[in-house]
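**Student:** In this text, residue positions in the first sequence follow the numbering used here: the first is 281, and each later residue adds one.
Ideal Cβ positions, reconstructed from N, Cα and C, are used throughout, including at glycine.
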Amino acid sequence: MKSVYPSLHGLPAETKGGVYALVDCNNFYASCERVFNPKLEGKPVVVLSNNDGCVVARSNEAKAYGIKIGTPIFQCEDLVKNQKVYLFSSNYALYGDMSRRVMDILTQFTPEIEIYSIDEAFLSLKGFHYLNLTEYAGHIKNTVKKWTGIPVSIGIGETKTLAKIAHKLSKRKPEYDGVFNIIDHPEIDQLLASIEVNDIWGIGGQYTKFLNKHNINNALQLRNARDKWVEKHLTSVGLRTVLELRGIPCIPLEETIPAKKGIMSSRSFGKPVEKLTELKEAVATYISIGAEKLRKQKSAASVVHVFLATDFFKEEPKYFNFSTFRLPTATASTTDLIGYAHKSLEKIFRKGYQYKRAGVMLTGIVPENQIQYNLFEPKPLNRRRETLTKVIDKINLELGTDTIQYAAEGINKPWRMRQAKRTKRFTTKWDEIPLVKG
DNA sequence: TCTGGGGTCCTAGGACCC
DNA sequence: TCTGGGGTCCTAGGACCC
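Right under this line is the structure:
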């Protein structure tokens, strides 16, 4: 029998009924800060973006004050002062390590897991039907909390999109206790009708505007929309979302982490930068970060992009430019990549501007064992340099990031981003481990 | 004073080839 | 009168995610 649904990019659309659980860490960054400072329990906690600029995470108490994600923190000055909000710079060394611990625990509950982001994972629970799934999820939740101190909430559905919706519902009533299973729910239509389209995974601001204009305001209405119409206006991606709302899995679990196709590294500066020498240090630092990621996934890049920008928000003369350099041969060597990036930077640098931000992007990424060597270029990475790079990577992995740096990255780094309120890297730096007794 | 930093996929259109 | 058409590759832009 032919399926009534189109096969999307080779996905078997007719296989109905997966069992997916979405495990999401509650207010992850704020929760990480709390694990190492229990006094913060019950207090409003806010974690800031790089350069201490915007709000990127809040505890429930901070949410209750109406502090929104993405708002520049200086706009909340009064709240911060009067309500005693605890502010933190983001501490990715800590959050990354806590994330790994949470994911390690989740792996023990199912063989099929996709680590979706730093604070979320999809688990396939197909074949676990002999269990009460809600109870099982409750057990997962309690174990993570007990072993790491991180609170999570869990949604269960027949597709990843429905699991996301179930997760949203898990927070709706205290009696759900952070777990909601939407599979075979007798009131599924009412539940879907209570979810705004904007809250559906895959429907963002533009699509929301468009759908609302056509009187599609909630998940139930979108689920019932005509396939052809959806595909025409929301492309095949939107159609997948609609099919998922109907319980037909179209977005498979991705258990292996695919190699990145582009690696970006950029930061705003702590203060404006004018000098080429300082920009060169910054660019070298970003290349070093990018190249390390490149080597970690065992690949090499053949295109280097460098960009440079003045402050977007200020009245001062504005300048933005980027330059793309195609390498004769793909490489993952920090030294080589810094050389190319510096040449690009010199090309776009203009004197007399107050620069606020620079960055690099590495693309044209190929696996390291598939590098095409150029007939007219010498093999760029000699044996000794390759060994040296490996040793540096190993030392930095074992003793902490930046134990060894390239001289081109600079020593004092006056342009470095602000991180005035960063807590210690409790779990990844030997000299920052918490002491039980001082 | 002060406004983040990463990624993915899809589509349309142009260049080029036969 | 009628002025091919299919395929691939690349890029830019737009949507989305955390």
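Return the residue from the list SER546, TYR487 and ASN362 that minimises the CA-CA distance to LEU519.
**Tutor:** Comparing Cα-Cα distances from LEU519 to each of SER546, TYR487 and ASN362, the minimum goes to TYR487.
**Student:** Tell me, to the nearest whole angstrom, how far the beta carbon of GLY458 is from that of ILE434; I am working on the premise that it is less than 8 Å.
**Tutor:** 7 Å between Cβ atoms; contact.
**Student:** With a 10 Å radius around its C-beta and 16 neighbouring C-beta atoms as the bar for buried, classify LYS319 as buried or exposed.
**Tutor:** So LYS319 counts as exposed.
**Student:** In three-state terms, what does DSSP make of ASN340?
**Tutor:** In this structure, ASN340 counts as helix in the three-state DSSP scheme.
**Student:** Since MET544 is in the alpha helix (DSSP H), which residue starts that stretch and which ends it?
**Tutor:** Taken as a continuous stretch (DSSP letters only), MET544 belongs to no alpha helix (DSSP H), being part of the beta strand (DSSP E) at 543-553.
**Student:** How would you call SER339, buried or exposed, if buried means at least 16 neighbouring beta carbons within 10 angstroms?
**Tutor:** SER339 is buried by the Cβ-count criterion.
**Student:** Counting only the same chain and skipping the five closest in sequence on each side, list residues whose C-beta sits under 6 Å from that of TYR396.
**Tutor:** If we look at TYR396 and ignore the five residues flanking it on each side, its Cβ neighbours are PHE402.
**Student:** Report the three-state DSSP secondary structure of GLY482 (helix, strand or coil).
**Tutor:** If DSSP states are grouped into helix, strand and coil, GLY482 belongs with coil.
**Student:** Rounded to the nearest angstrom, how far is the Cβ of SER545 from that of VAL646, given a contact under 8 Å?
**Tutor:** Rounded, the Cβ-Cβ distance is 19 Å, inconsistent with contact.
**Student:** Can the beta-carbon of ALA539 be found less than 9 Å from the beta-carbon of PHE549?
**Tutor:** No, they are not a contact pair.
**Student:** Helix, strand or coil, according to DSSP, for ARG503 in the structure here?
**Tutor:** Here ARG503 sits in helix by DSSP.
**Student:** Under a Cβ-count criterion, where at least 16 other Cβ atoms within 10 Å of its own Cβ denotes burial, should TRP710 be classed as buried or exposed?
**Tutor:** With fewer than 16 Cβ atoms within 10 Å of its Cβ, TRP710 is classed as exposed.
**Student:** I believe GLU400 touches GLY298 by the beta-carbon criterion, under 8 Å. Please report the beta-carbon distance rounded to the nearest angstrom.
**Tutor:** So it is not a contact: roughly 17 Å between Cβ atoms.
**Student:** Among residues of its own chain, excluding the 5 on either side of GLU511, which ones have a beta-carbon nearer than 6 Å to its beta-carbon?
**Tutor:** So the list reads LEU519, once near-sequence residues are dropped.
**Student:** Ignore the nearest five residues each way along the sequence and tell me which others in ILE462's own chain have a CB closer than 6 Å to its CB.
**Tutor:** For ILE462, where only same-chain residues beyond five positions count, the Cβ hits under 6 Å are GLY437, LEU442 and ALA446.
**Student:** How should GLU294 be labelled, buried or exposed, when 16 other C-beta atoms within 10 angstroms of its C-beta is the threshold for buried?
**Tutor:** Caution is warranted here: a pLDDT of 38 is assigned to GLU294, below 50, making its placement in the model unreliable, and no coordinate value can be reported.
**Student:** Considering Cα atoms alone, identify which of VAL586, ALA337, ILE675 and TYR372 is closest to PRO324.
**Tutor:** Of the candidates VAL586, ALA337, ILE675 and TYR372, the one whose C-alpha sits nearest the C-alpha of PRO324 is ALA337.
**Student:** Look at the alpha carbon of THR707 and the alpha carbon of PHE490, and state the distance between them as a whole number of angstroms.
**Tutor:** Cα to Cα, the separation comes out at about 46 Å.
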